[in-house]
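Worksheet: the structure to be examined is printed underneath.
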Ligand SMILES: *Cc1c(COP(=O)(O)O)cnc(C)c1O
């Protein structure tokens, strides 16, 4: 199968090439030329398999330049005892028509692990297939979860180095500790004075610096990105939608072939887009419900067809969804437009120059057929964490809470009582302070102390990697101004 750019369909690559490149040179994103199908009979077969085998089966459809043996090797390494659940992505039944797909049983306790425990294997194999002789240096700007998940995924992986930049005062105590204590001989971490945008702008500048690229090539390196525009990050996420469907069928809540809903806490639109690809393959999905926090640019887009980034930016208690430009949306609009590259070029140019674009009628009605959307305030986020714990004894994090709230509102507004899966994206222990406050507790304390407090208050066991933070040594405590980021990278790649 070949992959084309959303902005120029004549650009076409194998999957190994698309994964190694990450982003197309024309600024477009890589999408599969055709979406492979999955039949109900195949889904029935997958119902009887374990997660790793489901992953091989689904990914093989998209990666025909990889052998089954290779993919088996990757899934056994990527989804093994680095997870604290042998189901890898278990589905939790809250009541007869509400399930939570728990995607945070990996080493960094957020859903980013589902992709970032797989991407390093896909990427290093792709480099070998492409005959690439240079080493790759992964550069990441993170608002928290991606940085740690990427560090953990690439730590001590052959032929790779990884450098992560995070905003000095823009991540939670736990997130900071997780990154600053990262092990591995090929990793670097540095904080940047400013907010996430400053870090991100700095990284983008490094990527577009042609002279730097040449200097690094002489040293035997090239730069790549682990952020969610890489197809190698999206594909592993398609798997868990299909896997969750199998588990809901296995639970007896629906019959094989019946459609279910998914509600997804959304930031960069990577997670929910994977759900869309699963639906396009033939997975029985009724609605994909896109949940936002106070940064409601996607709620507005899905209800009106106008994408407008000219708005106030809110810093919320669900920080991984604090985003104004959802990069992966470009892929969705491309698919919904009937792969109209010229339209996409126009929309993206408008977004760049005016900060706003409006999709046409055809795209809007296609959007309405598959998607619903809603947003959730800070108060509502806390309220539903408290309510879910007191009434159902189930503890959820702030991001998952946004999705659960939006799903409940959607049910009330539409009367749609389809069996639904809330996609649960982080362990509540990653956001102890906000979760404790939601439970009516005082959270004015050191991040590490709050871990114990959350355990005392709820009786819910903390994930091992979070408990282990207490004994970890800080390896990286440096910070720089954004102008110095280039130098940090050059010093790192000696
Ligand atoms: C990254 C992240 C999200 C948003 O996912 P996107 O793929 O960017 O839409 C939601 N919740 C958590 C906990 C995350 O880390």
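In my numbering, the protein residues as written are -7 to 486.
All C-beta atoms, glycine included, are put in the ideal place defined by N, C-alpha and C.
As the structure is a prediction and not an experimental result, all values here were calculated from the model.
May I have the straight-line CA-CA distance separating residue i from residue j, to the nearest angstrom?
i: residue 369; j: residue 48; result: 39 Å
i: residue 426; j: residue 191; result: 24 Å
i: residue 118; j: residue 467; result: 31 Å
i: residue 434; j: residue 363; result: 38 Å
i: residue 372; j: residue 436; result: 21 Å
i: residue 114; j: residue 224; result: 7 Å
i: residue 212; j: residue 175; result: 24 Å
i: residue 187; j: residue 75; result: 31 Å
i: residue 138; j: residue 104; result: 6 Å
i: residue 279; j: residue 252; result: 7 Å
i: residue 338; j: residue 348; result: 11 Å
i: residue 170; j: residue 40; result: 36 Å
i: residue 320; j: residue 210; result: 33 Å
i: residue 184; j: residue 140; result: 16 Å
i: residue 300; j: residue 343; result: 8 Å
i: residue 463; j: residue 328; result: 50 Å
i: residue 144; j: residue 404; result: 41 Å
i: residue 182; j: residue 155; result: 8 Å
Please identify the residue among the options whose C-alpha is closest to the C-alpha of residue i.
i: residue 275; options: 50, -4 and 260; result: 50
i: residue 284; options: 313, 293, 278 and 364; result: 313
i: residue 270; options: 294, 248 and 235; result: 235
i: residue 307; options: 325, 165, 286 and 123; result: 286
i: residue 52; options: 230, 377 and 332; result: 230
i: residue 11; options: 171, 164, 90 and 218; result: 218
i: residue 70; options: 110, 91, 41 and 36; result: 110
i: residue 44; options: 221, 61, 318 and 445; result: 61
i: residue 326; options: 309, 310, 300 and 354; result: 354
i: residue 383; options: 30, 86 and 72; result: 86
i: residue 483; options: 153, 295, 22 and 144; result: 153
i: residue 99; options: 83, 77 and 116; result: 77
i: residue 148; options: 125, 158 and 112; result: 112
i: residue 292; options: 342, 331, 351 and 328; result: 351
i: residue 124; options: 277, 130, 151 and 108; result: 151
i: residue 443; options: 452, 463 and 421; result: 421
i: residue 241; options: 317, 79, 36 and 9; result: 36
i: residue -3; options: 477, 220 and 332; result: 332
i: residue 90; options: 101, 136 and 245; result: 245
Does the Cβ of residue i have 16 or more other Cβ atoms within 10 Å, making it buried, or fewer, making it exposed?
i: residue 120; result: exposed
i: residue 32; result: exposed
i: residue 345; result: exposed
i: residue 298; result: exposed
i: residue 407; result: exposed
i: residue 263; result: buried
i: residue 207; result: exposed
i: residue 243; result: exposed
i: residue 18; result: exposed
i: residue 302; result: exposed
i: residue 390; result: buried
i: residue 470; result: exposed
i: residue 296; result: exposed
i: residue 180; result: buried
i: residue 330; result: exposed
i: residue 249; result: exposed
i: residue 81; result: buried
i: residue 25; result: exposed
i: residue 486; result: exposed
i: residue 126; result: exposed
i: residue 335; result: buried
i: residue 222; result: buried
State the beta-bridge partners of residue i as determined by DSSP.
i: residue 253; result: 412
i: residue 155; result: 131 and 180
i: residue 94; result: 416
i: residue 404; result: The partner list for residue 404 (beta bridge, DSSP) is empty, contrary to what the question assumes.
i: residue 236; result: BP columns for residue 236 are empty, so no partner.
i: residue 283; result: 257 and 366
i: residue 471; result: 183
i: residue 213; result: 127
i: residue 229; result: Answer is none; residue 229 lacks a bridge partner.
i: residue 49; result: Answer is none; residue 49 lacks a bridge partner.
Give me the Cβ distance between residue i and residue j, rounded to the nearest whole Å; I'm assuming they're in contact under 8 Å.
i: residue 411; j: residue 255; result: That pair is no contact at about 12 Å.
i: residue 374; j: residue 430; result: 4 Å
i: residue 416; j: residue 388; result: 6 Å
i: residue 233; j: residue 266; result: 6 Å
i: residue 394; j: residue 310; result: 5 Å
i: residue 157; j: residue 133; result: 5 Å
i: residue 165; j: residue 439; result: 3 Å
i: residue 27; j: residue 340; result: The pair is not a contact, with the Cβ atoms about 22 Å apart (cut-off 8 Å).
i: residue 216; j: residue 130; result: 6 Å
i: residue 294; j: residue 358; result: 12 Å between Cβ atoms; not a contact.
i: residue 214; j: residue 128; result: 6 Å
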